[in-house]
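Quick note on this note's numbering: the sequence shown kicks off at 576 and runs consecutively.
Notes follow once the structure below has been shown.
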Amino acid sequence: LAISSFALSGNAAYVFLGVLITFLAIALSIFGTLILRKHRTTWHHGLLVGVSFMMSMAMLMSAIFAGTRTKCEDTKDSAQAAVCAFSIFLFFFYLIFFILLLKWQDDIIGVDIDAEIGEGQNIESGTEEDTDLKMV
């Protein structure tokens, strides 16, 4: 994406968009790996879900910008077509990643309170009590 953006250096804003999205994608890859391997908390998972959705929308914007640049100009530049195609692919991949993060959030976070405590167990003593009694 960044190389194709430099090929389209006729518009500085478009080049900036390509370079910025490239750095954001690298940062998402690094921090996504750290979150999925080491920091499996609810807060970090929510951060990863939000960032992956925003990256999906950024790729959609990049595809729209590249597509409109291709349609507006008389020249059919292959670099613009490549940016548009790869941005569409990345849009769908980030969107699928976002949906899968939401679908498997319990498995990713790895905390199931009901399974750890058990239904009707007292947290402090670990013994079963009548479920009608309040836990103290």
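Every residue gets a Cβ at the ideal spot worked out from N, C-alpha and C, and that includes glycine.
Given the structure is predicted, the values throughout are model-derived calculations rather than measurements.
Requested in this report: Answer yes or no: do F666 and M634 have a C-beta to C-beta separation smaller than 8 Å?
Outcome: Closer than 8 Å, so yes.
Query raised in the report: Which whole-angstrom value is the C-beta distance of Y669 and S627, which I expect to be below 8 Å?
Result: Approximately 6 Å separates the beta-carbon atoms of Y669 and S627; this is inside 8 Å, confirming the contact.
Query raised in the report: Rounded C-beta distance between G685 and R615? I'm assuming under 8 Å.
Result: The pair is a contact, with the Cβ atoms about 6 Å apart (cut-off 8 Å).
Query - A638 classed as buried or exposed, judged by whether at least 16 other C-beta atoms fall within 10 angstroms - result: With 16 or more other Cβ atoms within 10 Å, it is buried.
Report task. Please classify T616: does DSSP put it in a helix, a strand, or coil? Result -> Here T616 sits in coil by DSSP.
Query raised in the report: Buried or exposed: S631, going by 16 or more other Cβ atoms within 10 Å of its Cβ?
Result: Taking a 10 Å sphere around the C-beta of S631, we find 16 or more other C-beta atoms and assign the residue as buried.
Query raised in the report: Which class does G554 belong to by DSSP, given the choice of helix, strand or coil?
Result: The requested residue 554 is not part of the displayed model; the chain covers only 576 to 711.
Query raised in the report: Expressed to the nearest angstrom, what Euclidean distance is found between the alpha-carbon atoms of I605 and L595?
Result: Using only the alpha carbons, I get a separation of about 16 Å.
**Report entry** Sequence-distant residues of its chain with Cβ nearer than 8 Å to S662 (five each side left out)
**Finding:** Excluding residues up to 5 positions away in sequence, L576, M634, L635, S637, A638, A641 lie with their Cβ nearer than 8 Å to the Cβ of S662 in the same chain.
**Report entry** Whole-angstrom distance between T608 and W679, CA atom to CA atom
**Finding:** W679 and T608 have their C-alpha atoms roughly 16 Å apart.
Query - Whole-angstrom distance between T643 and N586, CA atom to CA atom - result: Straight-line Cα distance between these residues: approximately 13 Å.
Report task. Tell me whether the beta-carbon of L676 lies closer than 8 Å to the beta-carbon of L603. Result -> In this structure, L603 does not lie closer than 8 Å to L676 by Cβ.
Query raised in the report: Skipping 5 residues on each side, what residues in its chain have a beta carbon closer than 6 Å to that of H619?
Result: Same-chain partners within the cutoff: I610.
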